[in-house]
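*Asks:* Attaching a single structure in structure tokens format; questions to follow.
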Amino acid sequence: MRRIGLGTALLALTQRDLTLAYRRRGELANPILFFVIVTSLFPMGVGPAPEQLRNIGPGVIWVASLLATLLALEALFRSDYEDGSLEQITLSPHPVSVLAFAKVAVHWLITGLPLLIVSPLLALLMQMDSSTMKTLFFSLLLGTPTLSLIGAVAAALTVGLKRGGLLLTLLVLPLYVPVLIFGTSAVHSAAHGLAVAGQFYALGALLALSIVLAPIAIAAALRASLN
Amino acid sequence: MTETNFEATPPKKHRSRVGTAFHRLGSPPYFYALAGKLVPWAGGLSALFFAYSLYAGLVIAPTDYEQGESFRIIYVHVPSAWLSMLVYAILAACGAISLIWRMKLAESLARACAPIGASYTFLALVTGSIWGKPMWGTWWVWDARLTSELVLLFLYLGYMALQSAFSDRRTASRASAILALVGVVNLPIIHYSVDWWNTLHQGATILKTSAPSIHPSMLIPLLAMVLAFHLHFFTVALMRIRCEILEDEKRTHWVQQLGTSR
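These protein sequence lines are chains A and B, in that order. Going left to right, the first sequence walks through residues 0 to 226 as numbering that gives the first Met the number 0 numbers them. Going left to right, the second sequence walks through residues 0 to 261 as numbering that gives the first Met the number 0 numbers them.
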């Protein structure tokens with residue numbers, strides 16, 4: 000039997016996930032559409048006054064991106080679980096945590112990155128100026144990978160359940176509080192012309208922490224679910 | 000997964016006395032009997048402490064010169080808030096033990112503790128809100144500690160929801176153990192981020208490095224109350240873990256014998 004190195008395995012897994020995503024590109028648009036529609040509901044709900052929109056804008060966009068991430072996460076392990084490839088991944092000689100990390104990274108590329116790309120558009124809808132928009136973009140860039148990593152733990156825990164979707168939301172949302180707080184506060188500070196370095200450091204620290212710890216938890220959760 | 004009861008087989012290797020005691024403690028029949036013996040004592044002691052501290056706190060302790068009579072709610076609020084955090088730490092510790100050593104008793108303990116911890120958290124939130132009405136003028140303020148307590152309640156509820164979602168009890172235990180560990184890593188982060196986000200709450204009055212800013216006549220009933228709450232938790236946890244053990248072991252010989260001997 001030919002031994003496959005970890006690098007080759009990671010590359011193969013990444014290629015496979017990207018191809019699968021490309022074949023189902025219709026589904027990929029759903030979280031983005033959700034993100035845009037939820038955000039545009041708020042001006043209709045609270046009124047179109049620019050001052051008010053500028054006040055609630057950061058929070059609304061952050062909460063909407065958080066929900067959109069969650070919505071996309073349910074599918075992260077679902078189809079792999081159903082066709083048995085998830086079991087093959089856990090049986091491979093390579094560390095499951097690294098393979099799972101690759102899966103989450105690809106998932107972020109195809110769901111998180113598009114959110115980032117449309118976020119300036121939503122910032123316009125929320126009457127933000129260009130410097131605030133830039134802060135929003137970078138706070139989402141630092142924050143959404145953390146959301147994906149934390150969410151992947153819960154996705155792995157609930158993958159074996161028939162109706163795991165709502166449960167996933169219940170498990171994950173409380174854990175998202177710090178990211179939400181630092182993310183929105185960075186945008187608020189930028190809107191008032193204050194320094195945002197502190198919030199960015201905190202977001203970066205959360206990202207570093209979740210890159211280190213989340214894959215271990217994901218691997219353990221996958222093993223528990225596949226039991 | 001096959002259910003083999005490793006705990007029932009006697010240890011082959013020579014063990015130290017502490018090791019044997021720990022090993023015996025992990026055996027469900029032994030622990031079931033032990034818990035049954037401990038419940039009345041813990042419960043009685045708890046009732047005694049409750050009686051003293053309720054009387055001392057609500058009747059004897061002097062009225063606060065700033066907050067009036069409404070300060071007396073700390074006698075329920077502070078102990079329940081402390082226990083809400085302690086119980087989550089216990090959940091996480093049980094989670095680690097059950098993941099590393101596959102100890103069934105730790106799984107039962109975690110299952111028994113979660114609803115108790117959630118109730119303490121709820122009690123802390125309700126009493127905090129009742130205290131807030133005369134102090135702040137509203138039932139709810141997005142104060143840092145109340146908010147992190149609310150997030151803690153959400154964590155408890157998510158934990159319980161996950162546990163009840165699986166039909167297989169061992170899988171449920173493993174999954175929720177992982178969730179508890181993830182939660183316990185996140186709790187300090189949540190606490191500090193919320194703290195940083197907003198602080199209105201009065202500063203800590205008991206755990207200060209300098210002399211506590213609470214008069215002994217108010218402090219002693221409070222400490223007695225804290226003790227009473229701990230004993231109450233201990234009692235209820237033991238009662239619940241006995242039910243969990245019976246449920247876990249319902250197919251074993253000793254439980255079936257227990258049913259027929261009465």
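Think of the CB as a built atom: it goes at the ideal place given N, C-alpha and C, for glycine as much as any other residue.
Go through its chain and collect everything with a Cβ distance to A/Ala207's Cβ below 7 Å, but skip five positions before and after it.
*Replies:* None.
*Asks:* List the residues of chain A that B/Phe153 touches, going by C-beta distances under 8 Å, in chain order.
*Replies:* Leu169, Leu172, Pro173
*Asks:* Quick one, are the C-beta atoms of A/Pro30 and A/Thr110 less than 9 Å apart?
*Replies:* yes
*Asks:* Leaving aside the five residues before and after B/Ser79 along the sequence, list all residues of the same chain whose C-beta is less than 8 Å from its C-beta, in chain order.
*Replies:* Tyr119, Thr120, Leu122, Ala123, Thr126, Phe228
*Asks:* Any beta-carbon of chain A closer than 9 Å to the one on B/His200?
*Replies:* In this predicted model, B/His200 has a pLDDT of only 43, less than 50, meaning its place in the structure is not dependable; the value taken from the coordinates is given anyway. Closer than 9 Å: no.
*Asks:* Am I right that A/Val186 and A/Leu114 are in contact with their C-beta atoms under 8 Å? What's the rounded C-beta distance?
*Replies:* Actually they are not in contact, since the Cβ atoms of A/Val186 and A/Leu114 sit about 15 Å apart, beyond 8 Å.
*Asks:* When Cβ atoms are compared, which residues of the region 95-118 of chain B fall closer than 8 Å to chain A?
*Replies:* Leu98
*Asks:* Provide the residue(s) that pair with B/Gly67 in DSSP beta bridges, ordered along the chain.
*Replies:* B/Asp63
*Asks:* Give a yes or no on whether the minimum CB-CB distance between B/Asp247 and chain A is below 9 Å.
*Replies:* no
*Asks:* Since A/Leu174 and A/Ile149 are thought to touch, with beta carbons under 8 Å apart, how far apart are those beta carbons, to the nearest angstrom?
*Replies:* 5 Å
*Asks:* Just reading off the alpha helix (DSSP H) that B/Lys132 is part of, what are its end residues?
*Replies:* That run of the alpha helix (DSSP H) goes 103-135.
*Asks:* Taking a cut of 9 Å between CB atoms, which residues from the region 174-195 of chain B lie near chain A?
*Replies:* Ala174, Ser175, Ala176, Ile177, Leu178, Leu180, Val181, Gly182, Val184, Asn185, Ile188, Ile189, Tyr191, Ser192, Val193, Trp195
*Asks:* Exposed or buried, A/Ala201, counting other C-beta atoms within 10 Å across all chains shown (16 or more means buried)?
*Replies:* buried
*Asks:* With distances taken Cα to Cα, identify the nearest neighbour of A/Leu9 among A/Val171, A/Phe100, A/Ser184, A/Pro177.
*Replies:* A/Phe100
*Asks:* If the criterion is Cβ atoms closer than 9 Å, does the pair A/Leu179 and A/Val35 meet it?
*Replies:* no
*Asks:* Spatial neighbours of B/Gln201 within its chain, please: CB distance less than 8 Å, with the 5 preceding and 5 following residues excluded, ordered by chain position.
*Replies:* Confidence at B/Gln201 is low in this model, with a pLDDT of 48, below 50, so its placement is unreliable and the value that follows should be read with caution. Hits under 8 Å: none found.
*Asks:* Could you work out which residues of chain B lie near A/Ala99, taking near to mean beta carbons separated by less than 8 Å?
*Replies:* What A/Ala99 touches in chain B: nothing, since even the nearest Cβ is about 13 Å away.
*Asks:* Could you give the DSSP three-state label for B/Lys249: helix, strand or coil?
*Replies:* coil
*Asks:* Could you check the C-alpha separation between B/Ala164 and B/Ile59 for me, to the nearest Å?
*Replies:* 48 Å
*Asks:* Measuring CA to CA, which of B/Ala171, B/Val183, B/Ile244, B/Gln255 is closest to A/Leu160?
*Replies:* B/Ala171
*Asks:* Check whether the Cβ atoms of A/Leu236 and A/Phe199 sit closer than 9 Å, and answer yes or no.
*Replies:* Examination of residue 236 of chain A is not possible in this model, given that chain A is present from 0 through 226 alone.
*Asks:* For the alpha helix (DSSP H) containing A/Leu9, list its first residue and its last residue.
*Replies:* 5-22
*Asks:* For B/Ala88, which residues in the same chain have their Cβ closer than 8 Å to its Cβ, ignoring the five residues on either side in sequence?
*Replies:* Val183
*Asks:* Can you grab the Cα-Cα spacing for the pair A/Ala219 / A/Pro47, in whole Å?
*Replies:* 47 Å
*Asks:* Give me the Cα-Cα distance between B/Ser83 and B/Ala105, rounded to the nearest whole angstrom.
*Replies:* 19 Å
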